[in-house]
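To convert, count from 1 in the sequence shown and add 295; that's the numbering used here.
A quick write-up on the structure given underneath.
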Amino acid sequence: MAKSVAHQPADLAHAINLSVLALAHNRLEHLDDAWQPLKLAEQAIQNLHVDPGKRDHDLLIAQILFREAEALISGPKSR
296 MAKSVAHQPA DLAHAINLSV LALAHNRLEH LDDAWQPLKL AEQAIQNLHV DPGKRDHDLL
356 IAQILFREAE ALISGPKSR
């Protein structure tokens, strides 16, 4: 996953990769490493604009993955 992020894919794929990377770090209990990709994913998603009729479902997937990562990393289990 880190290699995928390093290759700087398209914005939408990059946002998804960052959220998944944050989830992976959280699962491995590398909590300090999970925060940076989570923050970058949030910024990447905020920079994406909905284009009516085109790839809205992909943006929704990115948002759902980010919210899941945010909930797990910020939740009481992770602290």
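C-beta atoms are modelled at their ideal positions from N, C-alpha and C, and glycine is treated no differently.
Please read all numbers here as calculations on a predicted model, not as lab measurements.
Would you say residue i and residue j are within 8 Å of each other, going by their C-beta atoms?
| i | j | result |
| --- | --- | --- |
| I368 | I311 | no |
| S314 | A329 | no |
| A366 | N321 | no |
Residue i and residue j look like a contact to me (Cβ under 8 Å); what is the Cβ gap, rounded to whole Å?
| i | j | result |
| --- | --- | --- |
| L333 | A317 | 4 Å |
For residue i, I'd like the list of residues in its chain whose CB is within less than 7 Å of its CB, leaving aside the five on either flank, ordered along the chain.
| i | result |
| --- | --- |
| L360 | I311, S314, V315 |
| Q358 | I340 |
What does a CB cutoff of less than 8 Å around residue i pick up in its chain, not counting 5 residues either side in sequence?
| i | result |
| --- | --- |
| P371 | none |
To which residues of the same chain is residue i closer than 6 Å at the C-beta, ignoring the five residues directly before and after it?
| i | result |
| --- | --- |
| H309 | A339 |
| H352 | none |
>> Please give the ranges of any alpha helix (DSSP H) in the region 322 to 349, keeping only runs that are unbroken, at least 4 residues long and fully inside the region.
In response: Runs of the alpha helix (DSSP H) inside the region 322 to 349: 326 to 342.
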